[in-house]
Amino acid sequence: MQEIKPTKPGIYGQQFGGQYIPETLMSELEKINKAFTDLKQDANFQQELHDLLVNYANRPSLLYYAKNMTEDLGGAKIYLKREDLNHTGAHKINNVIGQALMAKHIGKKRLIAETGAGQHGVATATIAALLGMECEIFMGKIDTDRQKLNVYRMELLGAKVHAVTSGSKVLKDAVNATLQEWATRCDDTFYIIGSAVGPHPYPEMVKYFQSVISKESKEQLKAKENRLPDAVVACVGGGSNAIGSFADYIDNPEVQLIGVEAAGKGVDTDQTAATIERGSTGIFHGMKSKFLQNSDGQIDEVYSISAGLDYPGVGPEHAALADEGRAQYVGITDDEAVDAFEYIAKTEGIVAAIESCHAVAYVKKLAPTMNKDQIIICTLSGRGDKDVTSIAKYKGVDIDE
1 MQEIKPTKPG IYGQQFGGQY IPETLMSELE KINKAFTDLK QDANFQQELH
51 DLLVNYANRP SLLYYAKNMT EDLGGAKIYL KREDLNHTGA HKINNVIGQA
101 LMAKHIGKKR LIAETGAGQH GVATATIAAL LGMECEIFMG KIDTDRQKLN
151 VYRMELLGAK VHAVTSGSKV LKDAVNATLQ EWATRCDDTF YIIGSAVGPH
201 PYPEMVKYFQ SVISKESKEQ LKAKENRLPD AVVACVGGGS NAIGSFADYI
251 DNPEVQLIGV EAAGKGVDTD QTAATIERGS TGIFHGMKSK FLQNSDGQID
301 EVYSISAGLD YPGVGPEHAA LADEGRAQYV GITDDEAVDA FEYIAKTEGI
351 VAAIESCHAV AYVKKLAPTM NKDQIIICTL SGRGDKDVTS IAKYKGVDID
401 E
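Numbered according to the numbering used here, the sequence shown spans residues 1 to 401.
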């Protein structure tokens with residue numbers, strides 16, 4: 001299988017990625033790209049990043065052998081990469097630390113970000129507090145209602161949270177609002193994009209900072225089993241968790257890479273977020289990639305029980321990985337994800353994010369089809385405290401919030 005690398009800076013495969021952004025932001029993107037290029041080679045920056053990842057974010061995250069799941073499902077051994085144990089409770093902190101340090105190095109005083117499930121917003125608010133920077137978060141009104149705990153956490157950390165009421169009031173609308181805010185005030189403001197999306201160099205930056213997940217899991221599995229995994233499974237919305245989980249294995253074609261999209265009510269319905277299965281090539285949010293679009297080429301409304309996967313597009317490198325056949329993308333419905341939410345809680349004593357449980361649901365299908373000498377690594381991108389109330393409502397259980 002062919003390794004997927006940008007054919008030229010910011011372009012993945014034959015066509016995906018690029019910069020489709022208002023002229024007012026082009027010079028800002030050039031500054032960010034230069035800073036990113038320079039700081040990757042800067043020993044002081046790398047030491048500062050490493051210190052915060054180890055001593056603040058609590059890395060390396062655990063690679064946990066899920067003995068109970070393995071025995072229950074039969075077939076392959078299952079390891080869980082526990083990003084849910086990071087400070088702030090999700091993989092989002094890895095990328096936020098890197099981008100916030102970049103913002104500080106280029107003299108920015110204010111951070112802005114979009115968020116769906118709230119985990120990226122919490123991580124951004126956290127690092128802003130630590131570094132003494134202003135912070136404003138944009139979040140769809142529907143998401144502020146279903147993720148009230150994370151809204152309170154952001155405000156507790158000193159961030160101002162804007163409930164976006166335009167469009168369908170979810171993540172894509174929050175991204176629109178954040179891009180508009182950035183265009184009006186980029187002189188002192190850095191936009192921390194949380195997923196592997198947006199104009200170049202953002203998808204590359206997010207992959208770079210999230211690649212710590214796969215670098216660690218490769219070393220950890222080698223220490224435990226002295227081999228590579230047969231499959232790496234991770235959920236995909238925009239794709240930051242998945243690209244970080246895949247990054248260090250892309251050059252190992254014997255490792256199967258599987259991204260799990262939110263199928264919502266089903267990939268054959270109009271209530272889905274399964275972008276790669278149902279989408280087509282288009283341009284949105286500064287990049288060319290795969291998007292759910294109507295027959296007129298307009299971005300379709302999307303649906304998922306998971307606020308973090310409720311996005312109509314996918315990062316350009318994922319689109320290229322799918323086109324080249326290097327990675328496989330599958331859909332998991334709301335019902336299957338909720339079943340997995342309850343399953344992993346009762347089987348392993350882990351309350352995982354509903355986003356992550358889409359990946360767990362696919363592992364439940366995959367593991368029994370594999371041999372006992374094969375190994376799956378499944379990334380748990382975040383913890384599920386934020387989802388407990390929503391899942392209880394989904395199941396018809398009345399609990400106090």
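Backbone N, C-alpha and C fix where the C-beta goes; we use that ideal spot for every residue, glycine too.
- Counted as a single uninterrupted DSSP element, the stretch harbouring K386 is not any beta strand (DSSP E), since DSSP gives it neither H nor E.
- Within the model, the alpha-carbon separation for D270 versus E181 is close to 31 Å.
- Minimum Cα-Cα distance from V233 among the listed residues K108, I142 and I78 corresponds to I78.
- DSSP places M370 outside any alpha helix (DSSP H), giving it a letter other than H or E.
- Note: S289 is bridge-paired with G282 in the DSSP secondary-structure output.
- Counting the other Cβ atoms within 10 Å of the Cβ of K207 gives 16 or more, which makes it buried.
- DSSP, reduced to helix, strand and coil, places V232 within a strand of the structure shown.
- The three-state reading of DSSP puts G264 in strand, counting E and B together.
- Here the C-alpha atom of D387 lies approximately 19 Å from the C-alpha atom of E155.
- For L39, there is no enclosing beta strand (DSSP E); the residue is part of the alpha helix (DSSP H) that begins and ends at E23 to K40.
- Q41 is classed as exposed because its beta carbon has fewer than 16 other beta carbons within 10 Å across all chains shown.
- If you ignore the 5 residues before and after A66, its C-beta comes within less than 6 Å of the C-beta of I78, L80 and E348, all in its own chain and listed in chain order.
- For the alpha helix (DSSP H) assignment, the uninterrupted runs of no fewer than 4 residues enclosed by the segment 155-212 are, from N- to C-terminal side, 171-184 and 202-210.
- I350 is bridged by DSSP to nothing; it lacks a bridge partner.
- Inclusion of V255 and P229 in the CB contact set at 7 Å is warranted, their separation being smaller than that value.
- Contact annotation, D173 with V164: C-beta distance approximately 5 Å; criterion of less than 8 Å satisfied.
- Taking every protein chain shown into account, the CB of K346 has fewer than 16 other CB atoms within 10 angstroms, so this residue is exposed.
- DSSP, reduced to helix, strand and coil, places K108 outside both helices and strands of the structure shown, so it counts as coil.
- Here E30 is exposed: its Cβ has fewer than 16 other Cβ atoms, across all protein chains shown, within 10 Å.
- When DSSP states are grouped into helix, strand and coil, E134 belongs to the strand group.
- In the DSSP annotation of this structure, the continuous segment of the alpha helix (DSSP H) that includes I243 starts and ends at S240 to F246.
- Judged by their CB atoms, D248 and K288 are not nearer to each other than the 7 Å cut-off.
- Under DSSP, no beta-bridge partner is assigned to L309.
- With respect to the C-alpha of T115, the residue from A307, Y202 and S295 having the closest C-alpha is A307.
- A contact is defined here as three or more CB-CB pairs under 8 Å, and the segment 191-203 meets this definition with respect to the segment 283-299.
- Sequence-distant Cβ neighbours of R278 in its own chain, meaning closer than 8 Å and more than five residues away, are V267, T272 and L292.
- Sixteen is the threshold: since fewer than 16 other Cβ atoms of the shown chains lie within 10 Å of the Cβ of L130, the residue is exposed.
- Closest option to I106, judged by alpha-carbon separation, among Q328, L257, L39 and Y394: L39.
- Annotation for V397: no beta strand (DSSP E) segment contains it, and DSSP assigns it neither H nor E.
- For P368 and K393, the gap between their C-alpha atoms comes out near 31 Å.
- Distance from the CA atom of Q374 to the CA atom of A76, rounded to whole angstroms, is 5 Å.
- Its chain contains T144 and V161 as the residues whose beta carbon lies nearer than 6 Å to that of V151, once the 5 sequence neighbours on both sides are disregarded; these appear in chain order.
- For the pair A57 and I93, the CB atoms are nearer than the 7 Å cut-off.
- Of all alpha-carbon atoms in G140, S356 and N371, the one lying nearest the alpha-carbon of D84 is that of S356.
- By the Cβ neighbour-count rule, Q47 is exposed, with fewer than 16 other Cβ atoms within 10 Å of its own.
- A231 is the residue among I344, A231 and R110 whose C-alpha sits nearest the C-alpha of M370.
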